[in-house]
Amino acid sequence: MSLASLPVTFTDDSADRPARRVGGVPEVPGVSVRSRLRDAGSGELWAGQFDQSGVECVVRRVRLAPDPVLRSAAVVAARALAELAHPHLIAVVAVLPTVEGLVLITEPVVGAISLARLLALRGDLDPGEVVTVGLPVAQALAAAYAAGIVHGRLEREDILLEPTGRPVLTGLGVAALADAARADPVPPEAASADVHDLADLLLGAMREATGPDAAAVAVAVATAMIDDPYRRPSAAELAAALARSATPLPVRLPVQLPGDDEPRAAGRPAGPSPT
9 MSLASLPVTF TDDSADRPAR RVGGVPEVPG VSVRSRLRDA GSGELWAGQF
59 DQSGVECVVR RVRLAPDPVL RSAAVVAARA LAELAHPHLI AVVAVLPTVE
109 GLVLITEPVV GAISLARLLA LRGDLDPGEV VTVGLPVAQA LAAAYAAGIV
159 HGRLEREDIL LEPTGRPVLT GLGVAALADA ARADPVPPEA ASADVHDLAD
209 LLLGAMREAT GPDAAAVAVA VATAMIDDPY RRPSAAELAA ALARSATPLP
259 VRLPVQLPGD DEPRAAGRPA GPSPT
């Protein structure tokens, strides 16, 4: 059984449970939470397992102020995250309130490495690899914006690469959950900030690259980094610019990561799969 076969779950029985010590391993009803995870995204992420089915999962702890209105609004906002599907987004499959706020349950990306860790190990990416990473992530952001959801505080840790080199984005919408009770819609500049963050980290991933491909990719992301948020391209426009800039190249991943007990799959990495 996989997480994809499980029904999306929203429960709120936190008021019926006694308060527990805040901090340490999160206590999640029906889920055994184990160790902190590396290469799973920014924030507090833990390896978990559903008690009834034995299915492995990732538990993301979201701390919220002890305000029932805020927490109720955050659960509603998290429900919208669970309804969004895209091949380059890690899906939320369960939302569970806790004494600290709530947790988001997602499917694990087995053998993933974050872009942050890959760059720490390898240094710069080639321009074609930057296109392979950035194009699908920009498309995923565009799909999220169409649903009224922004990522917020997009970091290198939030882009995970599967053993094939295929990128997936995690942490979508988490930053906004603490402010979910506000009446105003998400301002347009919030989506523009995501585009800026993505362009900035893509350019930073090839700082030492030279040549025509590097120049073309730099030009493609340049307008996303201007100061005026209303003049930046949309995520879809950034994706289109990246598609025109350079030929995508498979991302070269290390066969074995420092601290890993088992070697990683060394098969040919996959290029981007635009949607």
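283 is the number that the working numbering gives the last residue of the sequence shown; the numbers go up by one with no jumps.
Glycine residues also receive a C-beta, built at the ideal position from the N, C-alpha and C atoms.
Computed from a predicted structure; not experimentally measured.
The beta carbon of V229 sits closer than 6 angstroms to the beta carbons of A207, L210, L211 from its chain, once the five residues preceding and following it are set aside; these are given in chain order.
Of the candidates L185, A243, E163, A243 places its Cα closest to the Cα of P196. Between V141 and L169, the C-beta spacing is below 9 angstroms.
Looking at the backbone, the Cα of P237 and that of V100 are separated by about 29 angstroms.
Burial state of G131 is exposed, judged by a 10 Å Cβ sphere holding fewer than 16 other Cβ atoms. Secondary structure in the region 19-91: the beta strand (DSSP E) runs of 3 residues or longer, each lying completely within the stretch, are 39-44, 52-58, 64-71 in chain order.
The Cβ atoms of H159 and A152 lie closer than 9 angstroms to each other. Judged by beta-carbon spacing, A90 lies beyond the 9 angstroms limit of A81, meaning their Cβ atoms are not closer than that value. Boundaries of the beta strand (DSSP E) harbouring T114: 109-114, taken from the DSSP string. Excluding the 5 residues flanking it on each side, E52 has same chain C-beta neighbours closer than 6 angstroms at R69, in chain order. Per the C-alpha coordinates, the member of G49, L92, A186 positioned closest to L123 is G49. Judged by DSSP in its simplified three-state form, P258 adopts coil rather than helix or strand. The beta-carbon distance between A226 and L246, rounded to whole angstroms, is 13 angstroms. This is too long to meet the 8 angstroms contact definition. The beta carbons of G173 and V259 sit about 4 angstroms from each other, so the pair counts as a contact at 8 angstroms. In this structure, E35 keeps its C-beta atom at 9 angstroms or more from the C-beta atom of L72. Counted as a single uninterrupted DSSP element, the alpha helix (DSSP H) harbouring L209 occupies residues 196-212. Between P262 and R44, the alpha-carbon positions lie close to 22 angstroms from each other. Contact between V176 and L97 holds, since their C-beta atoms are separated by about 7 angstroms, short of 8 angstroms.
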